[in-house]
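Student:
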Amino acid sequence: MEIRLLQYFLKVAETQNITQAAADLHITQPTLSRQIHAFEERLQTNLFIRDNKKLTLTDSGRFLKAKAEELVALDQKTEQEFATYQDRELTGKVTIGCIESDNSTFLAKIMKTMRKKHDRVTFELYSSNGNDLVDKLEKGLLDLAFMVGPLTLDRADFNVVKLPGTEALGIVVASQSSLADKKFVTAADLLPLPIIGAKRVAVQESFYQWGQFDPEKMNIIGMYNLLFNVLPLVREEVGVALAIEGASNENTDGTKFIPLEPRLENERMLVWKKDRILNPTAQEFIQLVKNA
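Quick note on the numbering used here: the sequence shown kicks off at 8 and runs consecutively.
#1: With C-beta atoms as the reference, is Trp279 less than 7 Å away from Asn136?
#2: What span of residues does the beta strand (DSSP E) with Ser111 cover, start to end?
#3: Ignore the nearest five residues each way along the sequence and tell me which others in Val79's own chain have a CB closer than 7 Å to its CB.
#4: Based on DSSP bridge pairs, tell me the residues matched to Ala175.
#5: How many angstroms separate the CA atom of Lys206 from the CA atom of Glu212?
#6: In the structure shown, what three-state DSSP assignment does Pro287 receive?
#7: Tell me the rounded alpha-carbon separation between Met225 and Asp109.
#8: DSSP on Ser135, reduced to helix/strand/coil?
#9: State the DSSP-derived secondary structure class of Ala20, mapped to helix, strand or coil.
#10: For Gly218 versus Leu249, is the C-beta spacing smaller than 7 Å?
#11: What does a CB cutoff of less than 8 Å around Leu238 pick up in its chain, not counting 5 residues either side in sequence?
#12: Counting contacts by CB-CB distance shorter than 7 Å, is Met118 in contact with chain D?
#13: Which residues does DSSP list as the beta-bridge partners of Val168?
#14: For the stretch 190-259, list the beta strand (DSSP E) runs that are entirely contained and at least 3 residues long, ordered along the chain.
#15: Alpha carbon to alpha carbon, what distance is there between Asn53 and Gly68?
#16: Return the chain-ordered list of same chain residues with a C-beta closer than 7 Å to the C-beta of Lys281, the five sequence neighbours on each side being excluded.
#17: Please look up how many angstroms separate the CB atoms of Leu151 and Phe292, rounded, as I've assumed it's under 8 Å.
#18: If you follow the beta strand (DSSP E) that Ile43 is part of, which residue opens it and which one closes it?
#19: Within its chain, find whatever has a CB closer than 6 Å to the CB of Arg127; leave out the 5 residues flanking it on each side and keep chain order.
#20: Going by other Cβ atoms of all chains shown within 10 Å of its Cβ, with 16 needed for buried, is Arg49 buried or exposed?
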């Protein structure tokens, strides 16, 4: 039975008058009359004895009134409890993977907002490359991951929310390098350079396609997983590192990022498994990201 019909029935039983009940319910008298009549036809019984303008309950009506009061009260209680659930103080941990990029700044802002709202929430952060983050999402070891494209994942298995901005691909060079004054580098500039490449196959392929490079003819001296441990090699001018712009900080690490020309940019995104049931804390985190 619809709660709305039970509420209509109870109001008529209370007022014993269709006109008064309709006014209290803010609906028209004919509408209420039709609803009560249809209700009686559905139940195949008369709920009221109609005596001039006064309505009194039949035995069936009195039985339904007792049950209706219980159901309406339960409905109101459920709504109140759900509202409390929605406004409750969240606790628990969100496990988040993050690639080296400016995603980290966006992530920090969302975490700050969530901690202001729910100060008992904790976070576990895991930094790695895209391949490793996807693997850990697949295995349920991460709730969410902040990533940068291109992504080699099945979009049918993952939820993906695009984030503001993009990440430009380029090279990281030593601050004292002769290349440091360049505003951008071209494919011709890169061909003779000793390059430390990103381990992600998708990044390698987009880079090779961008420059129409034959990998066999390039001077690739190594691959890396996370940029932090490669920066000393860059500062010593052992090679230049292929990286995204937000992965290095030229103000403090003695290096400089130089974008590719023409620019090669990839989207930022938040990713999580579709078939995994996330805890309320992780769900709230996702909602904050969407709102942002």
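Heads up, the beta-carbon is just placed ideally off N, CA and C, and yes, glycines get one too.
Tutor: Considering the structure as presented:
#1: With a cutoff of 7 Å on beta-carbon distance, Trp279 and Asn136 are scored as not near each other.
#2: Element bounds for Ser111: not the beta strand (DSSP E) but the alpha helix (DSSP H), 110-124.
#3: Closer than 7 Å at the Cβ level, and outside the excluded window around Val79, lie Ile10, Leu13, Gln14, Leu17.
#4: Glu272, per the DSSP bridge assignment.
#5: C-alpha separation (whole angstroms): 11 Å.
#6: Three-state DSSP puts Pro287 in a helix.
#7: Asp109 has its alpha-carbon roughly 29 Å from the corresponding atom of Met225.
#8: Shown here, Ser135 sits in coil according to DSSP, grouped into three states, outside any helix or strand.
#9: It is helical.
#10: No, they are not a contact pair.
#11: If we look at Leu238 and ignore the five residues flanking it on each side, its Cβ neighbours are Val179, Ala248, Ser255, Asp260, Gly261, Thr262.
#12: The chain labelled as chain D is not found in the depicted structure, where only one protein chain is given.
#13: Looking at the DSSP assignment, Val168 forms a beta bridge with Leu277.
#14: Within the stretch 190-259, the complete beta strand (DSSP E) runs of at least 3 residues are 202-205, 227-231, 247-251.
#15: Here the alpha carbon of Gly68 sits roughly 7 Å from the alpha carbon of Asn53.
#16: Take Lys281, set aside five residues on each side of it, and the residues of its chain with a beta-carbon closer than 7 Å to its own are Asp164, Phe165, Asn166, in chain order.
#17: In this structure Leu151 is in contact with Phe292, their Cβ atoms being roughly 7 Å apart against a cut-off of 8 Å.
#18: Note, Ile43: premise wrong, no beta strand (DSSP E); alpha helix (DSSP H) at 36-50.
#19: Here the set comprises Thr98.
#20: That one is exposed.
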